[in-house]
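Q: Under the numbering used here, think of the first position of the sequence shown as 142, with each following residue one higher. Built from N, CA and C at the ideal position, the CB exists for glycine as well. Take this structure, written in structure tokens, and hold onto it; I'll ask about it next.
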Amino acid sequence: MTRDRLPSVLAGEPLHSPASSPALDTPLLFRSNMPQVTLLRDESTAHPFALTIAAAWSCYGERPAKVENVRKLVYGPVPEHFDAARAEDRESRRTRAIKLYADLFAAGHHTTFQHATFVFVLDNVSRLAIWSFFHSHPFYNSEQVSQRYRTVSGDSMASPD
142 MTRDRLPSVL AGEPLHSPAS SPALDTPLLF RSNMPQVTLL RDESTAHPFA LTIAAAWSCY
202 GERPAKVENV RKLVYGPVPE HFDAARAEDR ESRRTRAIKL YADLFAAGHH TTFQHATFVF
262 VLDNVSRLAI WSFFHSHPFY NSEQVSQRYR TVSGDSMASP D
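Now the structure itself:
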């Protein structure tokens, strides 16, 4: 996203506020480069949907379910050697698996969704943002570039006036 596509307040224009709140009329400037978020796909869960269904089937079934089997069921073609009855049974299982995803969420069984992990690189995000926003989430974990071992210059930080 470029600066010209940002909401006006983020582009440095003043907020339009009621006269009773003159402090809100000060311009808000983005003094650093725009934040960038990059998903590290190879480091993240490959099939989060299938993992959620496999976790639920493992909870409710007689034996643990394999993510690969769920993935094949949901996304794969019907094997050629299946007869019509077996293909119909497979389609019924596929439909139930897809419906189970929404049912799990509606029923509050959210732990099944928590097995998937996503790894992001956050660039141009302040330490304050990380500590005040992200660290309040119970499942967030991060590593930060050390200020102790990295040279900090005006190019890589925003100084207050």
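Which class does Leu263 belong to by DSSP, given the choice of helix, strand or coil?
A: If DSSP states are grouped into helix, strand and coil, Leu263 belongs with the strands.
Q: Can you grab the Cα-Cα spacing for the pair Gln285 / Leu263, in whole Å?
A: So the two alpha carbons sit approximately 9 angstroms from each other.
Q: Could you check where the alpha helix (DSSP H) with Val219 kicks off and where it finishes?
A: Here Val219 belongs to no alpha helix (DSSP H), and DSSP marks it neither H nor E.
Q: Express the C-alpha separation of Phe190 and Ser233 in angstroms, rounding to a whole number.
A: About 18 angstroms.
Q: Note down, in chain order, each residue of its chain lying with its Cβ closer than 8 angstroms to the Cβ of Ile271, except the 5 sequence neighbours on either side.
A: Here the set comprises Leu263, Ser283 and Gln285.
Q: I'd like the list of long-range same chain contacts for Ser162, defined as Cβ closer than 6 angstroms, with 5 residues on each side in sequence excluded.
A: Low per-residue confidence applies at Ser162: pLDDT is 49, beneath 50, and the placement is therefore not dependable, though the value from the model is reported in the following sentence. So no residue of the chain qualifies.
Q: Quick check on the DSSP output: the beta strand (DSSP E) that includes Leu180 runs from which residue to which?
A: Here the beta strand (DSSP E) through Leu180 covers Gln177 to Leu180.
Q: Going by the CB atoms, is the gap between Thr258 and Ala197 shorter than 7 angstroms?
A: Contact flag unset, no.
Q: Comparing C-alpha positions only, which one of Val219, Leu181, Arg291 and Thr193 sits nearest to Ala238?
A: With distances taken between Cα atoms, Ala238 lies closest to Thr193.
Q: Roughly how many whole angstroms lie between the Cα atoms of Arg212 and Cys200?
A: Cα to Cα, Arg212 sits roughly 18 angstroms from Cys200.
Q: If we count the other Cβ atoms within 10 Å of its Cβ and call it buried at 16 or more, is Leu245 buried or exposed?
A: Per the 10 Å Cβ criterion, buried.
Q: Would a C-beta distance cut-off of 7 angstroms place Phe261 and Leu180 closer than the cut-off?
A: For Phe261 and Leu180, yes; Cβs fall inside 7 angstroms.
Q: Using the Cβ count rule (16 or more neighbours within 10 Å means buried), how would you classify Ala206?
A: Flag for Ala206 reads buried.
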